[in-house]
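Every letter in the sequence shown is one number past the one before it in our numbering, and letter 23, counting from 1, is 36.
Virtual Cβ for every residue (Gly too), placed ideally from N, Cα, C.
These numbers were taken from a predicted model, which means no experiment stands behind them.
Presented below is the structure to which this report refers.
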Amino acid sequence: MKDSGSQSSNSKSVATSEDIAARLTDAVHEHRLLPGMKLNEDEVGEIFGVSRTIVRQALRAMGHEGLVTIERNRGAFVAKPTIKEAREVFEARALLEPQTARAAAERMTPADITMLNQHIEDEHAALASGKYGLALKLSGDFHVEIARISDHATIETFIRQLVSRSSLVIALYWRRRNALCESHAHHALLDAFENKDGNSAEELMKGHLLDLVSQLDLREAQNTNVSLKAALSQ
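As structure tokens, then:
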């Protein structure tokens, strides 16, 4: 008869493809996994203690989200947007997000305001501690939450995907590591939301997205060499 310690050890949960996709996605959004980096199936499987089949499922899911490209006979790579794609991503955001901000302002509740304010505080805390990738991820989450509050599920899905692509674009093309966190755009948006001022929210979002594009250096960038294991252990 096995003792309880052995049973506990054997019942330890194994990472699912969803778990792995979530971990890898966070690493991409936080710029620990950079655009163009190879995601070797064997190495990912070894890191998470799972089979290549589970890894493939995770990578395919990320491919559907546009975060990974899978090349025949070469494997999976973190997606690397071209300059043209980078411009298209922000053009699409500029079409969708201002109207979404207006709708969110009209539906905003005190609980929503509290949650968005916490996002801003977490962004600043991450920046203050030098966690620039995390600050960027939280900034993106702020935009996704606005889309959720607007109560338009289809547009929310599009914006969620565009924000993910934006993370890749910024990883390649941002000029300064603290550039996105220097403005007070999110605070200004929050003021408009508190006042339920849809007109101001729409205009502020337009300006904010223009500022984001102006802070990008849309020229070919060089990748930084870092191992997959090191990136995922941070």
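Item	Value
Segment contact flag, the segment 109-117 with the segment 195-213, C-beta cutoff 8 Å, min 3 pairs	yes
C-alpha distance - L225 paired with R65, whole-angstrom precision	38 Å
Alpha carbon of I168 to alpha carbon of H221, nearest angstrom	19 Å
Option nearest G49 by Cα separation, candidates I60, A28 and P94	P94
Same chain, Cβ closer than 6 Å to M14, neighbours up to 5 away in sequence not counted	Confidence in M14 is poor, its pLDDT being 45 and thus under 50, which makes the residue's placement too unreliable to answer from.
Close-in-space but distant-in-sequence residues of the same chain around H200 (CB under 8 Å, 5 per side omitted)	I133
Complete runs of the beta strand (DSSP E) confined to the segment 126-174 [at least 3 residues]	none
Secondary structure of K219, DSSP reduced to three states	helix
Alpha-carbon to alpha-carbon, D55 and R36	16 Å
Where the beta strand (DSSP E) containing G88 begins and where it ends	G88 to V91
Closest Cα partner of L52 within the set T29, E43, E31 and L80	L80
Same chain only: Cβ atoms within 7 Å of D125, ignoring 5 sequence neighbours per side	I162
Alpha carbon of R106 to alpha carbon of I172, nearest angstrom	7 Å
Expected contact under 8 Å - CB spacing of K242 and I60 to nearest Å	6 Å
CB contact flag (K150, E43, <8 Å)	yes
Bridge-paired residues (DSSP) for E84	G88
Cross-strand partners of K51 (DSSP beta bridge)	F90
Sheet register partners of L229 (DSSP bridge)	W187
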